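Trainee: Here the working numbering is used: the sequence shown runs in plain steps of one and ends on residue 331.
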Amino acid sequence: MNDVQTKLAEISELLIEIGATHGLNVIGAIVILVAGWVAAGWGKRAVAKGLKKTGKIDVMIQEFLANGVRYAILIFTILAVLSRFGIETTSFIAILGATGLAIGLAMQGALSNVAAGVMILFFRPFKVGDFIEGAGQSGTVKSVSLFLTYLNTPDNVEVILPNTQLWNAAIKNYSFNSSRRLDLMFGIGYGDDVDKAMGLIGDIITADERCHAEPEPLVVVGNLGDNSVDIIVRVWCKGGDYWDIKWHMLKTVKQTFDAEGISIPYPQRDVHLISAE
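#1: Looking at the unbroken alpha helix (DSSP H) that takes in residue 299, where does it start and where does it end?
#2: Assuming residue 259 and residue 283 make a contact with CB atoms under 8 Å, what is their CB distance in whole Å?
#3: Give me the Cβ distance between residue 105 and residue 119, rounded to the nearest whole Å; I'm assuming they're in contact under 8 Å.
#4: Pull up the distance between the alpha-carbon of residue 236 and that of residue 190, whole angstroms please.
#5: Quick check on DSSP: helix, strand or coil for residue 227?
#6: Would you say residue 262 faces chain D, with C-beta separation under 7 Å as the test?
#7: With 16 as the cutoff for other CB atoms within 10 Å, does residue 167 come out buried or exposed?
#8: Does DSSP put residue 181 in a helix, a strand or coil?
#9: Below 6 Å CB to CB, which residues in the same chain sit around residue 193 once its five sequence neighbours on both sides are set aside?
#10: Would you kindly work out how many angstroms separate the C-alpha atoms of residue 133 and residue 202, rounded to a whole number?
#11: Let me know if residue 267 comes out buried or exposed under the rule of 16 or more other beta-carbons within 10 Å of its beta-carbon.
#12: Rounded to whole angstroms, what is the Cα-Cα separation between residue 123 and residue 86?
#13: Once DSSP output is grouped into helix, strand and coil, what is the label at residue 240?
#14: Express the C-alpha separation of residue 231 and residue 256 in angstroms, rounding to a whole number.
#15: Taking the continuous alpha helix (DSSP H) assigned at residue 253, which residues delimit it?
#16: May I have the straight-line CA-CA distance separating residue 218 from residue 176, to the nearest angstrom?
#17: Just grab the DSSP bridge partners of residue 193 for me.
#18: Identify, in the order they occur along the chain, each residue of the same chain with its Cβ nearer than 6 Å to the Cβ of residue 172, setting aside the five sequence neighbours on each side.
#19: Looking only at C-alpha atoms, which of 251, 277, 286 sits nearest to residue 312?
#20: Select from 223, 81, 227, 316 the residue whose C-alpha is nearest the C-alpha of residue 135.
#21: Is residue 270 helix, strand or coil when you go by DSSP?
#22: In terms of residue numbering, what span does the beta strand (DSSP E) encompassing residue 220 cover?
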């Protein structure tokens with residue numbers, strides 16, 4: 055029994071000694087961690103808010119810089135905690151650098167996505183809210199991170215693309231310019247009045263205020279096909295009106311042609327039977 059009491063007394067003395075020696079350091083480390091975590095969140099919000107007020111910096115770059123500030127503060131916080139316990143941070147940084155190099159070699163694909171993300175943020179081929187097409191996918195850009203780009207398709211499906219795939223492919227940005235050209239083609243029968251059909255299409259374009267007067271709309275005979283005379287129509291409009299005008303034009307031209315007796319032919323063939331007698 056005396057041996058047990060002696061061991062308990064030794065353990066108690068050891069705990070008291072450790073508490074006296076490192077207790078303040080532990081408390082200080084906890085305070086530093088809490089303060090660093092709070093400061094990181096505050097710094098991220100402050101940077102994001104300050105950049106947003108300028109109105110000159112893209113949303114993607116705002117998020118990138120704000121997150122960079124947060125991670126930098128967290129790293130300094132960890133180094134401060136290590137210093138609190140007497141650990142040489144220079145040695146730690148060297149070890150961290152060597153570890154980072156090894157991890158980097160093992161994660162070349164992931165790091166290439168980071169490099170591509172930085173290039174996208176720097177050259178800004180698109181911004182959040184743009185409708186783009188790239189790497190075989192199309193949709194509205196939701197956000198861009200260091201590794202991934204998030205798109206929303208017109209039918210509200212999220213598409214996640216690695217930045218490398220997007221950066222290494224041709225990118226079509228349908229939202230970059232404020233106006234777009236709408237190209238349509240209408241076929242009429244060879245027996246129909248071409249000038250009348252072109253005039254009707256021109257009237258439909260003129261009546262639609264969404265169609266721009268400049269550049270001037272184009273209505274011309276583009277091809278003499280096997281089954282029809284093809285009329286090409288080119289109209290400029292705002293990018294946001296593109297699809298509405300296209301659907302309106304297709305419906306209105308069909309209804310107008312029907313009312314005016316202008317046919318829209320379909321593929322047909324004349325078959326001649328030759329008797330063997």
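Glycine included, every Cβ here is placed at the ideal spot set by N, Cα and C.
Since the model is a prediction, treat every value here as computed from it, not as a measurement.
Mentor: Let me spell this out:
#1: 296 to 314
#2: Wrong, their Cβ atoms sit about 19 Å apart, outside the cutoff.
#3: 6 Å
#4: 22 Å
#5: strand
#6: Here there is only one protein chain, and chain D is not present.
#7: buried
#8: coil
#9: 205, 206, 207, 213
#10: 29 Å
#11: exposed
#12: 17 Å
#13: strand
#14: 25 Å
#15: 248 to 261
#16: 14 Å
#17: 186
#18: none
#19: 251
#20: 81
#21: coil
#22: Looking at the DSSP string, residue 220 is not in any beta strand (DSSP E); the run it does join, the alpha helix (DSSP H), is 217 to 221.
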